[in-house]
Amino acid sequence: MQPENSQPIIIAKALTRIYSVGDSEVIGINNVDLEIAPGEIVVIKGNSGSGKSTLLSLLAGLDCPTQGELSVADHDLNQSSEVQLTRFRREVVGMVFQSFNLLPTLNVLENTSLPALLAGKSLAESQNKAIDLLDWMGLKARLSHLPAQLSGGEMQRTAIARALINDPAIILADEPTGNLDSRNGQIVMNLLAELNRKWGRTVMIATHSNLADSMATVKIYLKDGMITEIS
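Numbered by our numbering, the letters in the sequence shown go through residues 1226 to 1456 in order.
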């Protein structure tokens, strides 16, 4: 938990995302006001279609608001160019997905190093940082393995290492345990909580699971694209 005078790392005002589907409109997020302090573990709950993934996509700069204001780590995402958004996604936020999104032809070390290389870091620096992260994740014996040679839990831990490679201020995890059994799901949630405790990362987890509930410092409940409760 951060001091009370800390500036929010996330500020959303009347945040709205409306999608056009044929002749109709679908509301993903509807008039959301939200402030999150640095260093929180935020768990976002809601049924399928409640807006969890839409909210994370907006926070990650993967999608753009239809209306409203959105600032993440002092970046005004409404006013950012495509180049600025690409840099934001590469350096400010780390994304973890349900489907892992590892490149099948790259091994564990290469998958983890790639975002650092894209950010302009040298091969040696990128790989050294990746090895340290993978060691912490318990994957040092898997550096040369391809994703197809890993278990689901190992793939997700690789994905978390990749998300951390550029030292992002915020980790955004969209159903990170959705493809895992309960034991591996708990391991992944514990790793996300340790990121928060050890390095003060702000962590936001959208999930149907209850595995992260006891770790949350903030819980947000969504329904039909609107926040119904914050606790």
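Using N, Cα and C, we set each Cβ at its ideal position, and we do this for glycine too.
Going by CA-CA distance only, name the one from Arg1387, Leu1368, Gly1378 that's closest to Leu1343.
Cα-wise, what sits closest to Leu1343 is Arg1387.
How about the stretch 1381 to 1397 and the stretch 1267 to 1276: do they share at least three Cβ pairs that are nearer than 8 Å?
Note that the stretch 1381 to 1397 does not touch the stretch 1267 to 1276; fewer than 3 beta-carbon pairs, one per stretch, sit closer than 8 Å.
Measure the alpha-carbon distance for Leu1240 versus Val1251 and round it to whole angstroms.
Roughly 15 Å between the two C-alpha positions.
Please look up how many angstroms separate the CB atoms of Thr1402 and Val1413, rounded, as I've assumed it's under 8 Å.
At roughly 6 Å, the Cβ-Cβ gap stays under 8 Å, so Thr1402 and Val1413 are in contact.
Identify every run of the beta strand (DSSP E) within the stretch 1371 to 1405, keeping only runs that are complete inside it and at least 3 residues long; order them along the chain.
Here the runs fully enclosed are 1395 to 1399.
Between Leu1259 and Ala1285, how many whole angstroms is the CB-CB distance? I'm expecting something under 8 Å.
Actually they do not touch by this definition, with Cβ atoms about 15 Å apart.
Decide yes or no for the touch test of the stretch 1285 to 1298 against the stretch 1313 to 1326: beta carbon pairs closer than 8 Å, at least 3 of them.
With three or more CB-CB distances shorter than 8 Å, the stretch 1285 to 1298 counts as touching the stretch 1313 to 1326.
My output table needs one value for Ile1235: the three-state DSSP class, helix, strand or coil.
Here Ile1235 carries a strand assignment [DSSP, helix/strand/coil].
Could you tell me the boundaries of the alpha helix (DSSP H) in which Met1362 lies?
Boundaries for Met1362: no alpha helix (DSSP H) harbours it, and the DSSP string shows neither H nor E there.
Simplified DSSP state of Leu1327, which is helix, strand or coil:
The DSSP-derived three-state label of Leu1327 is coil.
Could you give the first and the last residue of the continuous alpha helix (DSSP H) run that contains Glu1335?
Here the alpha helix (DSSP H) through Glu1335 covers 1333 to 1343.
Residue closest to Leu1368, alpha-carbon to alpha-carbon, out of Leu1334, Leu1358, Asp1360, Glu1379:
A check of alpha carbon separations from Leu1368 across Leu1334, Leu1358, Asp1360, Glu1379 identifies Leu1334 as the nearest.
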